[in-house]
Amino acid sequence: MRRWRSPQPARETVLPNRANQEDPGRPSACAASRLWQPETLTMVTDGWIGRAWQDSGGHWPALARWAPLPIRLIVGYGFLEHGLAKAARGLDAFPSILHAMGVPLPYLMGVLTIAVEIVGGFCVLIGALVPLASLPMATVLLTAMFTVHWQFGFSSIKLQAITPAGAQFGPPGFETDLLYLAGLASLVLGGSGPLSAGRFLTRALGRSPSDPAARAARDERPDIPSMGPN
């Protein structure tokens, strides 16, 4: 004898919607939004930095000591080039420009500017007496920035037109002056680096290097225990 059972409700079959299905090979919108979260980006960058640190053997402080070298080459050569260009046009050409601008003692100021650019640029280029040479060099930059370039705005490259003779640019602003000042400040605060005349002279005199970058790298260098008998 069969026992009577109440009829079960029919189960609703849900067919998959092809339009709403996502491509398994493409990340979802939610996953893409999580990718750009600050926490995710921090994990990714920390992973890359940590992996690069391991690949370099932990020698980044030693490599960072060479960072002042390209700054010295750019700043030093830039000053040296401008000074030699002024001197090549004659010692009266640049003072005449200063006289037209109303600068007092134009000849003296012109000759001093040329001397600062040549001597200071050479000192920065070879890495000798950089803190001392940076003072007159910064004075020249600040004077040029506030008396000539400030009125033309920030940008140093203002493309006006393209003619058959070439590109035509407007008067330069104070952008380049700030870049040179930033380069000098980084060299004064961070040192000239290992490949510099000042460092070689310091070693020749038997003194400890005063380069902040060299001191930092020396302090971070682990002590190697002696293998010989105590």
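Just add 357 to the spot in the sequence shown (first one is 1) and you have our numbering. All residues carry an ideal CB built from backbone N, CA and C; glycine is no exception. The model shown is predicted, which means the values in this text are computed figures rather than measured ones.
Under the DSSP definition of a beta bridge, threonine 520 partners with Gly523. The three-state secondary structure of leucine 462, taken from DSSP, is coil. In the displayed model, lysine 515 falls within coil according to three-state DSSP, outside both helix and strand.
By the C-beta criterion, the stretch 467–477 is judged to be in contact with the stretch 488–507, since at least 3 inter-stretch pairs fall below 8 Å. The C-alpha of glutamate 438 lies about 15 Å from the C-alpha of isoleucine 428. In this structure, Val468 is the residue among Val468, Val432, Gly433 with its C-alpha nearest to the C-alpha of alanine 445. Nearest Cα to proline 551 within the set Ile483, Phe503, Phe451, Gly510: Ile483. Shown here for serine 512: same chain residues with a beta carbon closer than 7 Å to its own, the five before and five after excluded, namely Gly530, Glu532 in chain order. The three-state secondary structure of alanine 424, taken from DSSP, is coil. Boundaries of the alpha helix (DSSP H) around serine 453: 450–457. If you draw a straight line from the Cα of leucine 558 to the Cα of leucine 486, it comes to about 11 Å. Per DSSP, arginine 560 is one residue of the alpha helix (DSSP H) stretching across 554–561. One alpha carbon belongs to glutamine 508, the other to threonine 500, and they sit about 13 Å apart.
Judged by beta-carbon spacing, glycine 433 lies within the 9 Å limit of valine 481, meaning their Cβ atoms are closer than that value. Per the coordinates, the alpha-carbon of phenylalanine 451 lies some 30 Å from the alpha-carbon of proline 521. For leucine 486, the secondary structure class from DSSP, reduced to helix, strand or coil, is coil. With a contact defined as Cβ atoms closer than 8 Å, isoleucine 431 and glycine 540 qualify at about 7 Å. The DSSP-derived three-state label of arginine 446 is coil. Annotated three-state conformation of glycine 548 is coil, per DSSP. Its chain contains Ala495, Leu498 as the residues whose beta carbon lies nearer than 7 Å to that of leucine 538, once the 5 sequence neighbours on both sides are disregarded; these appear in chain order. With a cutoff of 9 Å on beta-carbon distance, serine 453 and proline 461 are scored as not near each other.
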